[in-house]
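Chains Z and B are the protein sequences, given in the same order. Using the UniProt record's numbering, read the first sequence as starting at 1 and increasing by one per residue. Using the UniProt record's numbering, read the second sequence as starting at 1 and increasing by one per residue. Cβ atoms here follow ideal geometry from the backbone N, Cα and C, with glycine treated the same way. Structure, as structure tokens:
2 protein chains.
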Amino acid sequence: MQLKSLRLFMAVAETGSFVAAANQLHTVQSNVTAHIKKLEEELGVQLLQRAGRVRPTSAGLALVEYAERILTAHDEAVSLFKGQEKACGRLRIGAMETTTALRLPPILAAYHAAQPDVDIQIKTGPTAELVELLLNGQVDCVFVAGRLEHGRYHLLKAFSERLILVGSTPMTKMPSSQALLTSAFLAFRQGCSYRQRIELLLASYGVNAGRIFEFGSLDAMLGCVAAGMGYTVLPRGTVEAHQHRFGIHTLELPTSIANVDTYFVAPEPESWTPALASFADTLRDALVVDEPQLTAS
Amino acid sequence: MQLKSLRLFMAVAETGSFVAAANQLHTVQSNVTAHIKKLEEELGVQLLQRAGRVRPTSAGLALVEYAERILTAHDEAVSLFKGQEKACGRLRIGAMETTTALRLPPILAAYHAAQPDVDIQIKTGPTAELVELLLNGQVDCVFVAGRLEHGRYHLLKAFSERLILVGSTPMTKMPSSQALLTSAFLAFRQGCSYRQRIELLLASYGVNAGRIFEFGSLDAMLGCVAAGMGYTVLPRGTVEAHQHRFGIHTLELPTSIANVDTYFVAPEPESWTPALASFADTLRDALVVDEPQLTAS
DNA sequence: TAGGGCTATCTCAAAAAAAGATAGTAGCGA
DNA sequence: TCGCTACTATCTTTTTTTGAGATAGCCCTA
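The following block contains the structure:
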């Protein structure tokens, strides 16, 4: 069975005429006859009654219902990829907790304004988990810290974060090795790239296995830091956004450790849906606007 | 876009291999490549990632969802007509009130036992209305009294009813013209063929315009007859089935007026769905069994 | 009864699909 | 690192299907 045959059949059923159906679908009457005939042969049923008026038999009416479902689904599928100007469907984005909280909102707002028909789904998680999601096709794109070593992926440097040390008391210089060793560190669960930075930081101070507590949410983590539970390392912007809510203090870290780039990672552009392509556009636009601020900070 | 292309695409997505998909659908690998390539060109999107493992891109995964819907609907439509042995779908039957009450139950039971996957819908109404429904394709078949004059329809004499006069008092002979003229007659609403018989009966007694009350249900009608409201004319079997519930009495009518055949009417067999074809089989079987009783009565 | 509008059928050319053959590529193990 | 294997892409040929035109037959209407 051909989709084209179903289209012609529907046109005949609606117009009640082979000639009209042929004109409507830009072909000739003999082809309509041939398609309908083939359909009827395939299904072993007479679909149309040709006595004077052409009208569907009850078998034909039954087919109409299914043909509508089939053709509607087909049209939707095509418009998913060929939607003229306005994308539709679904966009699944993976991002780190900090990125989601601080960087995504304005971009998502702009995107939603541009593409109101796209369902947006955000999955948050640590970098390693996000990469896994992307590789498994469970998300369409991710924002992760650090370049993705995997080949065949589209990379775009999205945000430059500067990590700072966060603690519950004012700090003017780096805590001593001894202090670091006896303090706890609070980090996102295994896989978070910021956590790697914490371990790098500790290592640079000759401290190996500080106690690290794992957290799943930013609020919980900052709350515990404020309560004097220990230190954490977070992007400056994230901390500043929450600083008024918690009694926390910060300290600059050495540049080599502090600077972390967040990349937008997606498969090759050839496999992008219009929804994803449009998101990449929105993202690029937003970055051009923000770029001066980022470099100035 | 071709249904075949979607089938191949799904097979590739499932098996993760062009060769496997080709074998599964009994074709060769080069054709799978060609179909997928054409699909990708039509949609302007890369659907499959060929790096080592063949796996759908996120665009491909999006298409998978729609392809499933399309192919499922298609398969259902085909099985509607090509269902091997067991029909499915829907069967809409139109029948007169009396036929529905008296004749259909055993046939429907047998049919449902044979074809449990078919949804049965019964519409009751007077003959003229049923014919209209059939002509409009709102039912698949009807049981009506008298031959349908319309051409191009399949006719099967299903039941022979013998009409009798029903009244509230014992009758040994036909009421006088005077009695008929002053009595009311109760009938189904306009279009019922039994009603025509009533008018024929009255005419044969030289009575022209007796009062005729219209009813929509058998129970209401018999109840009113029992209450002495007037006479009615109904199939003997129908009356006998209800006689114990109502205080009603009957009288044989002249054969020329009394005998009414109920016909099974459907469009030409070429346009029958398997559900309808199977119902016709069931009906024929039931009639063969009942025939001796019918002729004996 | 003639004419207009409709569908079925036939035919031919063009397009498309199927199948086979071959070349190129990635992954795997020695 | 070198084949070996299994896979996909491409090219070619053959077969099938499709599209469009021409024509014949049918039904309805005037």
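N- and C-terminal bounds of the beta strand (DSSP E) containing residue i
i: Ser160/B; result: 153–167
i: His249/Z; result: 249–252
i: Cys141/B; result: 141–145
i: Thr124/Z; result: 118–124
i: Val233/Z; result: 230–235
i: Ala51/B; result: First-last for Ala51/B: undefined, no H or E at that position.
CB contact flag (residue i, residue j, <8 Å)
i: Arg197/B; j: Leu163/B; result: yes
i: Val239/B; j: Ser193/B; result: no
i: Leu165/B; j: Leu222/B; result: no
i: Val45/B; j: Ala13/B; result: no
i: Gly60/B; j: Leu71/B; result: no
i: Tyr205/Z; j: Leu180/Z; result: yes
i: Lys82/B; j: His35/B; result: no
i: Ala21/Z; j: Leu8/Z; result: yes
i: Pro175/Z; j: His249/Z; result: no
i: Ser217/Z; j: Glu97/Z; result: yes
i: Ile261/Z; j: Ser160/Z; result: According to the sequence as given, residue 261/Z is Asp; it is not Ile. The answer is yes: Cβ separation under 8 Å.
i: Ala113/B; j: Ser278/B; result: no
i: Thr172/Z; j: Gly146/Z; result: no
i: Tyr73/B; j: Ala220/Z; result: First, the amino acid is wrong: residue 73/B is Ala here, not Tyr. No, the pair does not count as a contact, with Cβ atoms beyond the cut-off.
Contacts around residue i, its chain only, beta-carbon distance under 7 Å, and the 5 residues preceding and following it disregarded
i: Thr100/Z; result: Ile122, Thr124
i: Phe264/B; result: Cys141, Phe143, Leu156, Ala158, Leu283
i: Met229/B; result: Ala184, Leu186
i: Leu6/Z; result: Ala67, Ile70, Leu71
i: Ala241/Z; result: Leu102
i: Pro56/B; result: Ala13, Leu47, Leu48, Val64
i: Val207/Z; result: Ser177, Leu180, Leu181
Residue range of the unbroken alpha helix (DSSP H) whose run includes residue i
i: Lys4/B; result: 3–15
i: Tyr66/Z; result: 58–82
i: Glu129/B; result: 127–135
i: Pro106/Z; result: 104–114
i: Gly223/Z; result: 218–226
i: Ala34/Z; result: 29–43
i: Ala179/Z; result: 177–182
i: Glu270/B; result: From DSSP, Glu270/B is part of no alpha helix (DSSP H); its letter is neither H nor E.
i: Leu91/B; result: Taken as a continuous stretch (DSSP letters only), Leu91/B belongs to no alpha helix (DSSP H), being part of the beta strand (DSSP E) at 89–95.
Cβ of residue i within 8 Å of any chain B Cβ
i: Met10/Z; result: no
i: Gln2/Z; result: yes
i: Arg152/Z; result: yes
i: Val45/Z; result: yes
i: His74/Z; result: yes
i: Tyr263/Z; result: no
i: Tyr66/Z; result: yes
i: Asp119/Z; result: no
i: Lys173/Z; result: no
i: Leu202/Z; result: no
i: Thr273/Z; result: yes
Neighbourhood of residue i by C-beta, 6 Å cutoff - its chain only, sequence neighbours within 5 removed
i: Ala296/Z; result: Only weak support is given to the placement of Ala296/Z: the predicted model assigns it a pLDDT of 39, under 50, and the question is left unresolved by the model.
i: Leu134/B; result: Val142
i: Ala275/Z; result: Ala87, Gly89, Leu91, Val118
i: Thr15/B; result: Ala21
i: Arg236/B; result: Arg162, Ile164
i: Asn23/Z; result: none
Integer-rounded CB distance, given that residue j should sit under 8 Å from residue i
i: Gly137/Z; j: Ser58/B; result: 5 Å
i: Ala286/B; j: Ala110/B; result: 6 Å
i: Phe18/B; j: Gln29/B; result: 5 Å
i: Ala62/Z; j: Thr273/B; result: 6 Å
i: Phe213/Z; j: Phe188/Z; result: Phe213/Z to Phe188/Z, Cβ: 10 Å. No contact.
i: Val131/Z; j: Leu108/Z; result: Contact doesn't hold; Cβ gap of about 21 Å is too wide.
Cβ neighbours of residue i in the same chain (closer than 8 Å, five flanking residues each side left out)
i: Gly247/Z; result: Ser168, Ala226
i: Ala258/Z; result: Arg162, Leu163, Ile164, Glu252
i: Pro269/Z; result: His154, Ala277, Ala280
Min CB distance residue i to chain Z below 8 Å
i: Leu108/B; result: no
i: Glu85/B; result: no
i: Phe18/B; result: no
i: Thr99/B; result: no
i: Ile70/B; result: yes
i: Pro56/B; result: yes
i: Ser193/B; result: no
i: Leu80/B; result: yes
i: Gly89/B; result: yes
i: Glu268/B; result: yes
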